[in-house]
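Residue numbers (the numbering used here): 357 to 809.
Written out as structure tokens, the structure is:
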């Protein structure tokens, strides 16, 4: 295939300073981030799942009945606007180039869905993936949830349109993996479970968004059970979550649970307000004011690991978004100061990249996880915050998306600079998060306003 801009070296760019910190689908940027630690394969034999409670075309189930009407919650009604052909009239609306990048990315993801409805970070259906791109992380629940969020964020659900069957199979897979307790974590048999709450939070968010977009009564019960599992397992003293129920608390894991809970509440599901009040207490412990900036740390309780208690640019993006979802006004001092810190650490690809802890002067971070959270924050902030962030991130994403060949629509996790989470997550991971950043206009335009009410 012809090389695309994503497979060539970058031009020299000015580096910006940031701060050390953890983030992503684990507490470490390399092999320790996954469950279990293994090298993925290009292709594995897909398994036939038992019949799902959510009918799937691929399993012989019935498609959505003809004429069935959506009943979206108000916060999700704008998702369908993406298919509207009316001209762009607002600076918040995606450009034609952004739209084209989204469509190309979704085509790539659709090709990688497995027969049972899942996505797997290391399974590429014989596409030409280099060995040094294969991820070390096995997380089918998280991968499937992220891929579904990309389709839902693009305005596609399981009621109709060209990705109806793709979304329906994916939702069916997640529901088939849900345990009696309500959690969604396909890799239950492994001894190491560092991704249990990551996987569950991402999958729960996908179920809630699909329910919010359609009002499908068949999704209400599994989505509610997924939220109940989150609320029931909030740490009683530390007020958040980490990898396993009752095991410590960290801001990275808490961010996904926060998004699932708020999304579910806006979709019309039950959420105990006390869960939010306890989360406020945890966020207060993570908050660090210094030098006129509000920043956040990863885990304020781990005194034995000093770096967990230091503020980080990545965790500041998560913390500020949680503040907004917990009702903090975008004009408040702490939100403004947090957003100002993010504006000092704009997206860019470095030249002459060398491995270094994330956020140092020598590594201004190609980090799709950071970009995903900060994009939501800056979009909520609007004005100059959003314009500046958009003008740095979107050209990078569009310019470096693979345009030709069998990998068209994806992003290379190693070029033009290695992504921090490329080794554990690989091409599917960075592609999903980049698509969610490009889709922010549709995914989050109503959510902050609705939360504020």
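Backbone N, C-alpha and C fix where the C-beta goes; we use that ideal spot for every residue, glycine too.
Burial state of residue i, where buried means 16 or more other Cβ atoms lie within 10 Å
i           : result
residue 765 : buried
residue 593 : exposed
residue 659 : exposed
residue 471 : exposed
residue 643 : buried
residue 799 : buried
residue 772 : buried
residue 482 : exposed
residue 589 : buried
residue 534 : buried
residue 685 : exposed
residue 443 : Reliability of the predicted coordinates at residue 443 is poor, the pLDDT of 44 falling under 50, and no value is obtained from them.
residue 661 : exposed
residue 751 : exposed
residue 776 : buried
residue 572 : buried
residue 513 : buried
residue 700 : exposed
residue 452 : exposed
residue 536 : exposed
residue 648 : exposed
residue 486 : exposed
residue 528 : buried
residue 770 : buried
residue 778 : buried
residue 497 : buried
The alpha helix (DSSP H) enclosing residue i, as first and last residue numbers
i           : result
residue 631 : 629–642
residue 520 : 520–533
residue 600 : Premise fails: residue 600 is in no alpha helix (DSSP H) and is neither H nor E.
residue 659 : Per DSSP, residue 659 belongs to no alpha helix (DSSP H) and is neither H nor E.
residue 300 : The question about residue 300 has no answer, for the chain in this structure spans 357 to 809.
residue 486 : Taken as a continuous stretch (DSSP letters only), residue 486 belongs to no alpha helix (DSSP H), as it is neither H nor E.
residue 500 : 496–509
residue 565 : 552–570
residue 612 : 607–623
residue 464 : 452–467
residue 515 : Careful: residue 515 lies outside any alpha helix (DSSP H) and carries neither H nor E.
residue 425 : Careful: residue 425 lies outside any alpha helix (DSSP H) and carries neither H nor E.
residue 690 : 689–699
residue 349 : Residue numbering for the chain in the displayed model covers 357 to 809; residue 349 lies beyond these limits and cannot be assessed.
Extent of the continuous beta strand (DSSP E) run through residue i
i           : result
residue 652 : 649–653
Contacts around residue i, its chain only, beta-carbon distance under 6 Å, and the 5 residues preceding and following it disregarded
i           : result
residue 610 : 596, 597
residue 450 : 797
residue 466 : 522
residue 581 : 538
residue 743 : none
residue 326 : Nothing can be reported for residue 326, as the shown portion of the chain is limited to 357 through 809.
residue 557 : 612, 613, 616
residue 664 : 654, 655, 658
residue 570 : 426, 513, 515
Minimum Cβ-Cβ distance from residue i to chain B less than 8 Å
i           : result
residue 560 : Included in the structure is just one protein chain, with no chain B present.
Close beta carbons around residue i, own chain, < 8 Å, minus the five adjacent residues each side
i           : result
residue 587 : 617, 627, 628, 631
residue 727 : 703, 749, 789, 790, 793
residue 810 : There is simply no residue 810 to check, as the chain begins at 357 and stops at 809 in what is shown.
residue 469 : 475, 503, 522, 525, 526
Cβ-based neighbour list, residue i, same chain, cut-off 7 Å, excluding 5 preceding and 5 following
i           : result
residue 657 : 594, 604, 605
residue 568 : 428, 429, 431, 432, 619, 622, 623
residue 395 : Residue placement at residue 395 cannot be trusted, given a pLDDT of 35 that sits under 50; the coordinates are not used to answer.
residue 675 : 607, 639, 642, 643, 652, 694
residue 634 : 590, 595
residue 510 : 438, 458, 462, 795
Residue i Cβ short of 7 Å to the ligand MN heavy atom set
i           : result
residue 776 : Annotation note on the ligand MN: not contained in the displayed structure, which lists no ligands.
**Asked** Fully enclosed by the segment 731–779, which alpha helix (DSSP H) runs are 4 residues long or longer?
**Response** List check, alpha helix (DSSP H) in window: 739–756.
**Message:** Any contact between the segment 775–792 and the segment 501–513? By contact I mean 3 or more CB pairs, one from each, below 8 Å.
**Reply:** Inter-segment contact for the segment 775–792 and the segment 501–513 is present: three or more beta-carbon pairs are separated by less than 8 Å.
**Asked** Is the segment 771–785 in contact with the segment 478–493, if contact means three or more CB pairs nearer than 8 Å?
**Response** By the C-beta criterion, the segment 771–785 is judged to be in contact with the segment 478–493, since at least 3 inter-stretch pairs fall below 8 Å.
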